[in-house]
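Beneath this line is the structure, given in structure tokens, with notes to follow.
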Amino acid sequence: MESSAYHHDLALLEWQIELGAFEAIGDVPVNRYEVPAAVEKPKAAVAATPAVAPVPQARVDAVAIAEQAAAAAATLEDLRAAMAAFEHCDLKKGARNLVFSDGIPGASVMLVGEAPGRDEDRAGKPFVGRAGQLLDKMLAAIDMGRDRAEAPVYITNVLPWRPPQNRDPKPEEIAMMKPFLMRHIALAKPQVLVIVGNWSCQALLGKRGITRLRGAWTEAAGVPALPIFHPAYLLRSPEFKREAWADLLSLKAKLADG
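Reading the sequence shown from the start, the letters are residues 3 to 260 in the working numbering.
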């Protein structure tokens with residue numbers, strides 16, 4: 003007859019098998035309560051290798067790059083291509099089109115606006131929205147226009163890409179695009195510059211305050227220059243149209259005097 007110990011041990015084994023313990027780890031039993039004769043000393047911790055600090059990338063001098071690209075342009079088409087290839091102005095990422103110029107290159111009068119708006123961004127030309135329509139009327143009043151062969155004008159902007167939500171240009175944006183503007187003026191060779199609006203004055207004259215600057219002849223880029231109100235400002239403040247008309251007559255007289 004089998005002893006009760008046998009059945010007891012068998013029951014324990016079956017119970018362990020039901021729990022999933024169906025494989026022995028070792029052939030020799032291990033007494034976990036036995037105290038070892040000697041305890042191995044813990045090994046000294048190995049000093050962690052210090053992390054290598056990332057090498058800071060050299061800061062890109064966008065103005066210097068713009069100056070080099072602008073100086074290399076021998077023609078207006080070269081300049082347009084150089085501006086289209088310029089990747090350091092974030093405005094380009096959100097714009098639909100590069101707004102380079104309109105009118106007739108080589109015209110005696112070159113107008114420099116501020117920055118494209120929504121309509122200009124879509125068309126790829128400066129001054130084509132409501133402000134542009136008013137500008138055309140203003141120029142027509144003194145027998146000039148962007149498409150008049152006998153008295154043409156040439157038009158560009160300080161910034162060739164539209165700022166988001168038509169916000170004001172930032173100083174760093176003006177600084178990096180100014181070399182292109184100065185080269186644009188040099189290649190277009192106008193007799194007279196018309197500086198349209200506050201931000202154009204900031205770029206070409208280094209100062210703002212169009213209500214104080216307008217109508218007073220000065221010089222920019224080595225060319226006689228006349229600051230005037232931006233047509234968009236006149237749309238908001240039509241009470242200044244009388245002063246704008248006086249500025250247009252001053253422009254006409256300047257051209258007549260040669």
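The C-beta atom is built at its ideal place from N, Cα and C for all residues, glycine as well.
Keep in mind it's a predicted model, so treat the numbers as computed, not measured.
| Asked | Found |
| --- | --- |
| Using 10 angstroms around the beta-carbon of D123, count the other beta-carbons present and answer buried if the total reaches 16, otherwise exposed. | buried |
| Say whether the segment 211-218 touches the segment 124-134, bearing in mind that this needs 3 or more beta-carbon pairs closer than 8 Å, one atom from each stretch. | no |
| Within the same chain, show all residues whose beta-carbon is closer than 8 Å to that of Q193, passing over the 5 residues directly before and after it, in chain order. | S110, V111, V225, P226 and L257 |
| Jot down the residue ranges of each uninterrupted beta strand (DSSP E) in the segment 56-143, minimum 3 residues, whole runs only, in chain order. | 111-115 |
| Below 8 Å between beta carbons: does that hold for L100 and A190? | no |
| Identify the continuous beta strand (DSSP E) that holds L257 and give its terminal residues. | That residue, L257, is in no beta strand (DSSP E); its alpha helix (DSSP H) goes K243 to D259. |
| Quick test of the definition: if touching needs 3 or more C-beta pairs under 8 Å, does the segment 130-144 touch the segment 82-91? | no |
| Run the CB neighbour count on P181, radius 10 Å, all protein chains shown included, and call it buried at 16 or more, exposed below. | buried |
| To the nearest angstrom, how far is the alpha carbon of A223 from that of P229? | 14 Å |
| Please state the DSSP three-state secondary structure of A188. | helix |
| Do you know how far the Cα of D63 is from the Cα of A142? | 42 Å |
| Only counting the same chain, and skipping five residues up and downstream in sequence, which positions put a Cβ closer than 8 Å to that of C203? | I197, K209, R210, G211, I212, L215 and P229 |
| Grouping DSSP H, G and I as helix and E and B as strand, with all else coil, what is P162? | coil |
| Is E221 helix, strand or coil by DSSP? | strand |
| Does the Cβ-Cβ distance between N168 and V114 come in under 8 Å? | no |
| State yes or no: is the beta carbon of Q167 nearer than 8 Å to at least one beta carbon in chain B? | Chain labels in this structure do not include chain B; a single protein chain is all it has. |
| Taking the alpha-carbon positions, what's the H187 to I157 distance? | The residue you asked about is not His; residue 187 is Ile in the sequence shown. Answer to the nearest angstrom: the Cα atoms are 10 Å apart. |
| According to the Cβ coordinates, are R148 and L81 closer than 8 Å? | no |
| Could you compute how far the alpha carbon of L250 sits from the alpha carbon of M140? | 8 Å |
| Between the Cα of V155 and those of R164, W219, I144 and A7, spot the shortest distance and give me the residue it belongs to. | I144 |
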